[in-house]
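Residue numbers (the working numbering), protein chains in the order written: chain A, 1 to 223; chain B, 224 to 336.
Ideal Cβ positions, reconstructed from N, Cα and C, are used throughout, including at glycine.
Quick caveat, the model's predicted, so the values are computed rather than measured.
Below is one structure, written out as C-alpha cells, with a few remarks after it.
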Amino acid sequence: MHIMEGFLPVKHAVGWSIASAPFVAYGLRTVNKRIKENPEQRMLLGVATAFTFVLSALKMPSVTGSCSHPTGTGLGAVLFGPAAMAPIGGVVLLFQALLLAHGGLTTLGANIFSMAIVGPFTAFAVYRLARAARLPFGVGIFLAAALGDILTYVTTSVQLALAFPDPAGGFAASFVKFAGIFAVTQIPLAISEGLLTVIVSNALARFTPRELQALKVVEEVRA
Amino acid sequence: MKRFQNLILLALVVILVVLPLLLVRAPKPGPDGKTVEIFTGADGQAEDMIGKIVPDYQPWAEPLLEPPSGEIESLLFVPQVALLHPLLIKRNVLPSGGPAPRSCAELARMLEE
C-alpha cells in the first residue's frame with residue numbers, strides 16, 4: 001500500500017496531504033492530552049507504535065505468488081481510538097519513507113490517509129460493533145484488524161485509480177486493475193494480521209488488564 | 224483451550240506464511256530465456272501497473288535514501304527493531320517505577336507477579 005515517492009501527480013499528492021493534515025493535528029492533540037492525564041499509558045502507546053512499525057514493514061508471501069505487508073494499525077485503533085493512529089501511523093510512514101524507501105515524502109499524505117486514517121477508523125468501528133453485538137473479545141479484535149487491513153488496501157487502489165484512470169475504462173477499470181494486484185494477495189495477510197493482533201491483545205489482557213479497562217477496551221478485568 | 228489459544232493462533236499464522244512458499248512454484252523460463260520472478264512486492268507491481276496505464280508518466284521525486292539492495296534494507300531495518308525491543312520490555316511490560324530486571328529469571332518472576 002505504500003505509494004512510491006513521486007508516483008502521485010502533484011495535485012493528488014497535495015490534495016491527500018491536505019486531507020490527512022487535520023486528522024494528524026487532531027490526533028496529536030488527543031495523544032498529548034492522554035499522555036499528560038495518564039502517563040502510565042505511554043507504555044501501551046509504545047507497544048501500539050512498535051506493532052505498526054514492524055507489521056507494516058514485514059513483507060509476507062501470499063498464495064498469489066506476490067508479497068505484501070500488513071498494517072498493524074488495528075491494535076492501536078482499538079486501544080487508543082482511531083484519531084491517535086493518524087500521528088502514530090504518520091511517524092511510522094515517515095521513518096519508512098526516509099530510511100527504507102518504502103513510500104515517500106510526496107506520497108506521505110496519501111499513505112497516511114489509507115494506512116493511518118481509513119484503516120484505524122475501520123478497525124475501531126468494527127471493534128465497537130463487534131462488542132455491541134456481544135461477540136467475544138478475540139473475535140472482535142480479529143475482525144477489526146483484518147478489515148482495517150483490507151480497507152487500507154482498497155483505499156490505496158482508489159487513490160491510484162483516481163490519479164491514473166484507464167484511458168479506455170476510466171476510474172472503474174483502473175480501480176479493478178489496482179485492486180486486482182492488492183485484493184487477493186491481501187486476504188491471507190489480513191487474516192494473519194487479525195491473528196497476530198489477537199495474540200498481542202491476549203498478552204495485553206493478561207499482563208495489563210487494568211490499563212485495558214481504563215481504556216474502555218474491555219468492560220471488566222478478566223481473570 | 225484458553226491456555227493454548229495463542230500457540231494455536233501463532234501456528235495458524237506460520238501455516239499462512241509457509242503454505243504459499245510450498246504451493247507457489249516459479250513458472251518455467253519463457254522462450255526468451257527470462258526467468259519469472261515470484262514473490263515480488265505488490266507495492267512494486269502497482270508501480271509497474273502505473274507504467275502500463277500511463278506509459279509516459281514520469282515520477283517527479285526520488286527517495287532521499289534508497290537502500291542499494293534488499294540486504295542493505297534488512298541491515299537498516301533489523302537493528303531498528305532490535306533497538307526497540309529491550310526498550311519495550313523495560314518500559315512497557317514491567318510495573319513502572321520498579322527496579323529493572325537483572326536476569327531472564329528475574330524478568331520472568333516479575334512478569335508472574
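Coarse secondary structure for residue i, derived from DSSP in three states
| i | result |
| --- | --- |
| P61 (chain A) | strand |
| G72 (chain A) | coil |
| G109 (chain A) | helix |
| Q213 (chain A) | helix |
| A163 (chain A) | helix |
| P302 (chain B) | helix |
| A116 (chain A) | helix |
| I3 (chain A) | coil |
| V218 (chain A) | coil |
| M285 (chain B) | Checking the sequence shown, residue 285 (chain B) turns out to be Glu, not Met. Here E285 (chain B) sits in coil by DSSP. |
| A77 (chain A) | helix |
Delimiting residues of the alpha helix (DSSP H) encompassing residue i
| i | result |
| --- | --- |
| S192 (chain A) | G170 to F207 |
| S20 (chain A) | V10 to E37 |
| A50 (chain A) | R42 to L55 |
| A84 (chain A) | P82 to F95 |
Residue span of the beta strand (DSSP E) that contains residue i, given as start and end
| i | result |
| --- | --- |
| S68 (chain A) | S66 to S68 |
Beta-carbon neighbours of residue i, restricted to chain B and to distances below 7 Å
| i | result |
| --- | --- |
| G104 (chain A) | A284 and P286 |
| F178 (chain A) | A269 and M272 |
| N273 (chain A) | Past the boundaries of the shown model lies residue 273 (chain A); chain A is included only from 1 to 223, so the question cannot be answered. |
| L75 (chain A) | Under the 7 Å cutoff, chain B gives no residues; its nearest Cβ is about 13 Å from L75 (chain A). |
| A235 (chain A) | Residue numbering for chain A in the displayed model covers 1 to 223; residue 235 (chain A) lies beyond these limits and cannot be assessed. |
| T185 (chain A) | A265 |
Contact set between residue i and chain A, taken where Cβ atoms lie within less than 8 Å
| i | result |
| --- | --- |
| E294 (chain B) | Per Cβ cutoff of 8 Å: no residues; E294 (chain B) is ~13 Å from chain A at best. |
Beta-carbon neighbours of residue i, restricted to chain A and to distances below 9 Å
| i | result |
| --- | --- |
| F262 (chain B) | K59, P61, S62, G65, S66 and C67 |
| L306 (chain B) | Per Cβ cutoff of 9 Å: no residues; L306 (chain B) is ~11 Å from chain A at best. |
| L298 (chain B) | Here the premise fails: no neighbours, minimum Cβ distance about 11 Å. |
Closer than 9 Å at the beta carbon, the chain B residues around residue i
| i | result |
| --- | --- |
| G6 (chain A) | Q281, P282, W283, A284, E285 and P286 |
| F164 (chain A) | M272, I273, I276, V277 and Y280 |
| M1 (chain A) | A265, D266 and A269 |
| S192 (chain A) | L235, V236, L239 and V240 |
| V154 (chain A) | Going along chain B, no residue has its Cβ under 9 Å from V154 (chain A), so there is no contact; the nearest lies around 13 Å. |
| P188 (chain A) | L239, V240, L242 and P243 |
Per-residue contacts from residue i into chain B (C-beta, under 8 Å)
| i | result |
| --- | --- |
| F175 (chain A) | Neighbours of F175 (chain A) on chain B: none; closest Cβ ~11 Å, over 8 Å. |
| F80 (chain A) | None at all; the shortest Cβ gap to chain B is about 14 Å. |
Chain A residues whose Cβ lies nearer than 7 Å to that of residue i
| i | result |
| --- | --- |
| L245 (chain B) | What L245 (chain B) touches in chain A: nothing, since even the nearest Cβ is about 10 Å away. |
| L232 (chain B) | L195, V198 and I199 |
Requested in this report: For the region 100-110 of chain A and the region 136-147 of chain A, state whether three or more C-beta atom pairs, one from each stretch, are separated by less than 8 Å.
Outcome: They do not touch, by the three-pair rule.
Query - Whole beta strand (DSSP E) elements within the region 119-149 of chain A, 3-residue minimum - result: Fully contained in the region 119-149 of chain A is no beta strand (DSSP E) run of length 3 or more.
Query raised in the report: Would you call the region 157-177 of chain A and the region 272-284 of chain B touching, i.e. three or more CB-CB distances under 8 Å?
Result: Contact annotation: the region 157-177 of chain A touches the region 272-284 of chain B, with at least three C-beta pairs closer than 8 Å.
Query - Unbroken stretches of the alpha helix (DSSP H), 4 residues or longer, contained in the region 237-283 of chain B - result: Counting only runs of at least 4 residues, the region 237-283 of chain B fully encloses the following alpha helix (DSSP H) elements, listed from N- to C-terminal order: 265-276.
Query raised in the report: Hey, is the region 44-52 of chain A in contact with the region 199-218 of chain A, meaning 3+ C-beta pairs nearer than 8 Å?
Result: Cβ pair count under 8 Å is three or more, so yes.
**Report entry** the region 34-41 of chain A / the region 57-74 of chain A touching (three or more Cβ pairs under 8 Å)
**Finding:** Between the region 34-41 of chain A and the region 57-74 of chain A there are fewer than three inter-stretch CB-CB distances shorter than 8 Å, so the stretches are not counted as touching.
Query raised in the report: Touch check for the region 242-251 of chain B and the region 151-165 of chain A: three-plus C-beta pairs under 8 Å?
Result: The region 242-251 of chain B, when compared against the region 151-165 of chain A, does not touch it at the 8 Å Cβ threshold.
Query raised in the report: Do three or more CB pairs link the region 112-132 of chain A to the region 6-21 of chain A at distances below 8 Å?
Result: Contact between the region 112-132 of chain A and the region 6-21 of chain A is present, because at least three Cβ pairs lie under 8 Å.
Query - Cβ contact check for the region 185-197 of chain A and the region 23-37 of chain A: 3 or more pairs under 8 Å - result: Result no; under three Cβ-Cβ pairs closer than 8 Å.
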